[in-house]
Structures are given as C-alpha cells and as structure tokens.
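See structure below.
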Amino acid sequence: MDTLFDILWSEHLIADIGDGIGLIAIDRVMLHERTGGVALKSLAAAGRTVMAPRQAFAVMDHIVDTLPGRSDRTLMPTGTAFITETRAAARAAGIALFDLGDERQGICHVISPEQAIVLPGATLVCPDSHTGTQGAFGALAWGIGSSEAEHALATGTLRVRKPATMRVTVTGRLADGVGAKDLALHIIALVGSDGAQGHAVEFAGEGVAALDIEQRQTLCNMATEMSAFCAIIAPDEQVFAALEGRPFAPHGAAWDAAVAQWRGLASHPDARFDREVTVDAAEVAPMISWGTSPQQAVPITGAVPSAGEGAAANHRRALDYMAIEEGAALIGLPIDAAFIGSCTNSRLSDLRRAAAVVKGRKVAPGVRAICVPGSGAVKRAAEAEGIAATLVEAGFEWREPGCSMCFFAGGESFGLRERVVSTTNRNFESRQGPETRTHIGSPELVAASAIAGRIVDPRAKGEA
Amino acid sequence: MEAFSRLTAVALPLMFDNIDTDIIIPSREMKTVGKTGLADGLFAGWRYVAVGSREKSPDFLMNRAPYADAKILIAGQNVGCGSSREHAVWALREYGFRAVIAPSFNPIFRGNCIRNGIVPVQLAAEEARTLGDAALREEAEPVTVDLDSMTVEMAGAGPFAFALEDDSRLMLRNGWDAIDLTLQHRDRIAAWREADRARRPWIYLETGR
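Here the protein sequences come in this chain order: A and B. The first sequence begins at 18 in this note's numbering and counts up one residue at a time. The second sequence begins at -9 in this note's numbering and counts up one residue at a time.
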C-alpha cells in the first residue's frame, strides 16, 4: 500500500538513524558553479574525496553570461572566479563537467534528462532548489544546500528527515491555451507558498498523465514554490521514450532490465497519502502573479485580491513593492520587458509555443524582449526548426543557454523598478533586478504581452 | 561547528512571511567561492539605501540599537524559502545569528541552519507572533533559546517548547560534523552499494561513457 515516494525511500534506505531520519543512498549528484564549486572546494580542503565520481556531474549555468561570444569573463562582478574555480575543482575531483563551449552545456535541470543523468527510480540531489523538476521522470530528486552536497559527494548518502506524503490529483484535462505553468500557479495559489512544506508531493490524475514530458517538468519545477520537499510523477512509456538512447542511459539488455523495473514504479492504488488535494483541470485558466510570492497569482482575467485574514502586512508590502492596487485588473498593465527562459520554461516546446504567438508580429516599441534557451540542444533544435528566427524577427534577443536573467547577480539585469513579464519561477523582491516588478506566467502569456507592450490574455487572438 | 547549548541575546523581529534567501542575501552579494565574507551582504536589499551602497537605511530594524547586536532572528512563515543558497545561512552565522524562530521553515534553509550551528526554532504562529511583538516592544529585553530544555522564552513571553529530531539536536548541541557521523556507517554504505550494484547496475556507470 506504499506511495511511490515510500517505495523509493525504502529502496534507498541504508540505515535508520532514528527519530524519522534515514541514511539515504544518493545515485546522482549534480553541481553548478554557483553553489557546487564551493562544495567541491570545501570537500577538498577537508582532505576528503568524491566517493563515486562517476555518479557526480558539474555544469556551468548560473553565472556564465548568455550573450553571444561569451567567455569565462562575465558581466557579473567576481563571476569569473565561480567559473574557473568550479572548473578546476571538478577536474581535480574527476567528475563529468559540462563546461562553456561544450555543446551539451545548459541549465542543470534541462540537460540532466537530455543526458539521461536522471533516471526513473534514482535518487538525485543538487544544491539548487529547483532540483525537484527532475521528479517528472519518476526520480526522487530534491534540492539541498552546499554542505549537504559535500556530504553526498563524500559519503554517497544523505541524512534525510523523512517527509510526509501529499498527492495532488488533477482531474480532467487542461483547456486549450492553458498549460503546466498555469496549473502550477493555480495549485500554489490554492495551497500557499508553504502549502507543501514537509511533504513529498506526487502529481497524479488524468490532467497530469495528459501532460507531455516537458510540461511535467514545468509542473514539478514549481512545486519548489510551495515549499515541497520534492515532486514526483510516476514514470510512464513517454518517460522511457524520452530517455532511451541518451548518453548516460543504460543500453541493450541493461535498458530492458531497467525499464522492466521502472514499470513498477507507481503508488499502490490503495496507497494512503498524509494529505490529498484535488484540482479540477477545467477550472484552471492562464495565470499571472501580481505580488512578490508565487502564491500571489490570479487568473489573467482577474484582479488583484484583497488581503486574506491576518495577512495585511505582507499584502500591503507586496502591493507597494509592485506599485499595484487592490481590485486593479492585471490585463493592460504596461510592461518594460519580457523574459522567456529558466529551468521552468526554456525547453523546446516552451519556445515553440512562444514563437507561435509572436510569428509575423513585432515586440512593442520600448519593450526589451529576451529568450534564453535552456540548453545547447534546445538552442540547436530551435534554430533548426525556425523558432529562433521567428523570435528574432519579432524583436527578441536570442541567447546562449543558461539561467541568465532569472535572477540578478550584480551584472546584467532589468532596470530599476521595471515591470517584467517572465516565464521564470520567482517574483521575489529584486529577484530580476533592483526593485524589479516581476509578473510570472506561461511562455504564451509572456510572448503575447511582449507584442502588446502590456499584460494581455494570451488566448485573445489579435491582441496588440 | 561551534556547539550550542543555551543562548540569551537580543532578537531581531522581522515579522514578514516568506522571507526568501534572495532577501537574506541577494545573489549580487555572493562574491567569492567560499563560505565567508558574506556578513556585509546580509539583508543587503533592506539594509542599505541602494543596490551596491553601504549607506545604512534608517528604516531597517537591524540598523538600530539594540537590534544591530541581535543573535536571534524572529520571522514569519516559510522563512528561508526560495534559492537553496547556503550563503544565506553563512551570512546569518557570520553576522552573529545562532537561532531563527519562525512558525515554519523552508526545508533546505532549515537543513542549512542545522549544518552551520544555527538552531531552527519552530513555534506555533501565535507563539512566534507573541515573541516577535515582545521583542519589538521591549527592545532591550533578550530572548533565551535553550537546547537542553528545548524551550525559548523572554521576560513576559513563554517559555514555549520546540522540537528538533534527535540527530539534528545532537549535532547542534555537540558541534558534530555530519560527514564524520555518516562515515561511521562506511562499511554499511559499501555493503549496500555492492548489493545494489547487482540490482541496478546502470546506476553505477562503470562501463565507460
């Protein structure tokens, strides 16, 4: 009667440390130059080594520039050290490195499935909060701190407090023009930014099974924004097809044996979850955030809500920061910039949907529009398919892969108090620039708003 | 890691929900590939008048006596949400914080606190609010966090009990290093991996790349 999470927990439990703490075997460690380099350096400084270097992978994504012709030099002050020191530490540790200039380079959570680093049934950790993204492949994947990364590298394990389980069941199917980003924001607005705290979240139901593998990653990615320990979706044939033949996937007889195991990875029909949430897909509309937390999101046709009980101070702070008033419509708000990218929405299908919206149209005068593909593979595919050309003709900047302007690290950013529509996962204060006012939404919404120069409903054809 | 038994110190009440790690330390303040040199960047967006400036904002509580000497932070729900950056905890620790009191913690932030000698004190929302209000009102009145009695109190508020799993409490109490503790299980880990290799050989990537 186990849940999928329980199955994977049990399979990886090396020792019960007591009081709810398990010593859990870690199958994959991913690192990036922002928080992983320091883990490798600290490990070496302590005189320790990576226990299983074949199971560890490093990538440059957070600090590297995404401008054409980039190098180790970055617009971010002191950024170069993160790149060069992570590179040196990764080489010294003997782990795989997806470096600048490597055609496999990209955002860690985007390249992991491209390389089949993530596999169904595996445990995967990364000092990056959005690691739960990879649970879309039926892996137990969660974000950790740098010290825990050091621990995982040194011991092949982590000491983990076992979370409770929560199932989010999506009944029915999403309407046309509504995607996983909207579904995620809908769920977060429903349960709150700490609504899944202490819980491993399984997404299930017809509305989830009907999502393609890229949309599933978007959904799992956003579970971080409700403070989930991890997100997971039972793997299906679509997942196996997405991984088959990839560089680090098993092949031949090993592939068949692996798939035979993976087919059993599902919650028992009678499994009991500590918490159940049900969402009707038919009720999900295109969503947009109005405040400074992803839970502060409403349907695009909605208005800025009034403060809930006991939340007046937070509500007021968000309204003031965003320069927006209670009762105001989101549609029609003028924007300064539009950003398409990040581990949430930078995969090929995301860019394809954005390109379909902007095809034959132009970004509004005065709006800075940027598209950053999630990986080298996404970039090449988008260029081959004409997506890149469509975006560029519309007036979008077309960049090299990386995390880019999802966050402001002191280098490139949006301007002071600019209003930005963004496909990223966080609308925090100053996240994308000094006092930047970020509204998060789907690629379609961001693309349509870039054309209109103001926030629009992406379903309203001909808007602009 | 420095052991923690009992601390009596000024508490800084920042009673907002969802104080994220971008607020605790903005990305632009993470300037070296290390765990130090971060205290000046703590709460930089709220603490200084402008990005890049070091001129202190008079509006921010931590810039005023006695809160500048705070070693305990009291916050709203979901403290430490957002980025996994341990730099948030390293910055808090370097500034002098040894405990964070809140109604709920982001899981990664909580783990980072424990690994760095900062006690995560989870209280009921009303209890945290009571302490926060008292710390704001009676600004010179210190708060005591006791890891032996597992309570927190100040004059006129508490004591309130809090809980920590044994593993975390022992590490904090004794200043133990988690890796050292885990390596005591070295043989068991090796045996588990050996058995697992037969069950899931593809995990070990030993046939070359």
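C-beta atoms are modelled at their ideal positions from N, C-alpha and C, and glycine is treated no differently.
Residue i burial status per 10 Å Cβ neighbour count (16 or more: buried)
i	result
B/Val23	buried
A/His285	exposed
A/Asp287	exposed
A/Asp82	buried
A/Ala275	buried
B/Asp156	exposed
B/Pro3	buried
A/Pro351	exposed
A/Pro252	buried
A/Arg333	exposed
A/Arg176	buried
B/Arg199	Residue placement at B/Arg199 cannot be trusted, given a pLDDT of 42 that sits under 50; the coordinates are not used to answer.
A/Gln122	buried
B/Gly70	buried
Which residues DSSP lists as bridging residue i, in chain order
i	result
A/His216	A/Ala181
B/Tyr38	B/Lys46
A/Leu141	A/Arg45, A/Ala158
A/Cys388	A/Ile357, A/Trp415
B/Leu2	B/Leu63
B/Gln112	B/Ala92
A/His456	A/Val438
A/Ile249	A/Glu219
A/Ser306	A/Ala314
A/Val321	Looking at the DSSP assignment, A/Val321 forms no beta bridge with any residue, so it has no partner.
Inter-residue Cα distance where the pair is residue i and residue j
i	j	result
A/Leu84	B/Ser73	24 Å
A/Asp353	A/Glu435	6 Å
B/Asp170	A/Met304	47 Å
A/Ser359	B/Ala181	40 Å
A/Ala481	A/Ile472	Unreliable positioning characterises A/Ala481 in this predicted model, as indicated by a pLDDT of 47, which lies under 50. The coordinate reading is nonetheless provided below. Near 10 Å, if we compare the C-alpha coordinates of A/Ile472 and A/Ala481.
A/Ala329	B/Ala92	18 Å
B/Leu160	A/Ala299	49 Å
A/Ser129	A/Thr97	24 Å
A/Pro475	A/Ile317	9 Å
B/Gly42	B/Trp36	12 Å
B/Lys61	A/Ser88	42 Å
B/Asp49	B/Tyr57	12 Å
A/Ile468	B/Thr(-2)	57 Å
B/Ala212	A/Ala266	The first residue shown for chain B is -9 and the last is 199, placing residue 212 of chain B beyond what the model contains.
A/Glu343	A/Ala302	20 Å
B/Asp63	A/Arg364	The sequence given here has Leu at residue 63 of chain B, not Asp. Cα-Cα distance, rounded: 40 Å.
A/Cys125	B/Ala124	45 Å
A/Met243	A/Ser306	14 Å
A/Met77	B/Pro149	48 Å
A/Ile250	B/Pro132	47 Å
B/Trp192	A/Leu114	20 Å
A/Gly432	A/Pro94	17 Å
A/Glu414	B/Gly66	39 Å
B/Leu162	B/Ala115	24 Å
A/Ala258	A/Asp273	12 Å
Cβ separation of residue i and residue j, assumed to be a contact under 8 Å, to the nearest whole Å
i	j	result
A/Pro144	A/Leu48	7 Å
A/Gly173	A/Ala69	5 Å
A/Ala372	A/Ile404	4 Å
B/Met(-9)	B/Asn106	7 Å
A/Val389	A/Ser366	Actually they do not touch by this definition, with Cβ atoms about 16 Å apart.
A/Ala139	A/Arg45	6 Å
B/Ala(-7)	B/Gly165	4 Å
B/Pro97	A/Gln214	7 Å
A/Ser164	B/Glu76	6 Å
Near the ligand GTP: residue i beta-carbon under 7 Å from a heavy atom
i	result
A/Asn444	Annotation note on the ligand GTP: not contained in the displayed structure, which lists no ligands.
Cβ neighbours of residue i in the same chain (closer than 6 Å, five flanking residues each side left out)
i	result
A/Ser463	Going by the sequence as given, residue 463 of chain A is Val instead of Ser. Counting only Cβ-Cβ distances below 6 Å, and skipping sequence neighbours, we find Ala355, Ile357, Val438, Thr440.
B/Pro200	This structure does not reach residue 200 of chain B, given that chain B is present from -9 up to 199, and the question cannot be answered.
A/Val135	Ser129, Leu141, Gln151, Phe154, Ala156
A/Thr241	Ser146, His147, Gly149
A/Arg65	Ala171
B/Glu202	For residue 202 of chain B there is no data in the structure shown, the boundaries of chain B being -9 and 199.
Cβ neighbours of residue i in the same chain (closer than 7 Å, five flanking residues each side left out)
i	result
A/Arg448	Phe424, Phe425, Thr455
A/Gln72	Asp44, Arg45, Val46
A/Pro264	Gln132, Ala133
A/Ala399	Leu365, Leu368, Pro390, Ala405
A/Ala107	Leu57, Ala75, Leu114
Close-in-space but distant-in-sequence residues of the same chain around residue i (CB under 8 Å, 5 per side omitted)
i	result
A/Arg292	Ala181, Thr182, Met183, Arg184, His216
A/Leu336	Gly308, Val321, Glu342, Glu343
A/Asp33	Gly39, Leu40
Please identify, using Cβ separations under 8 Å, the residues of the stretch 177 to 188 of chain B that lie next to chain E, in order along the chain. This model lacks chain E altogether; the protein chains it does include are A and B.
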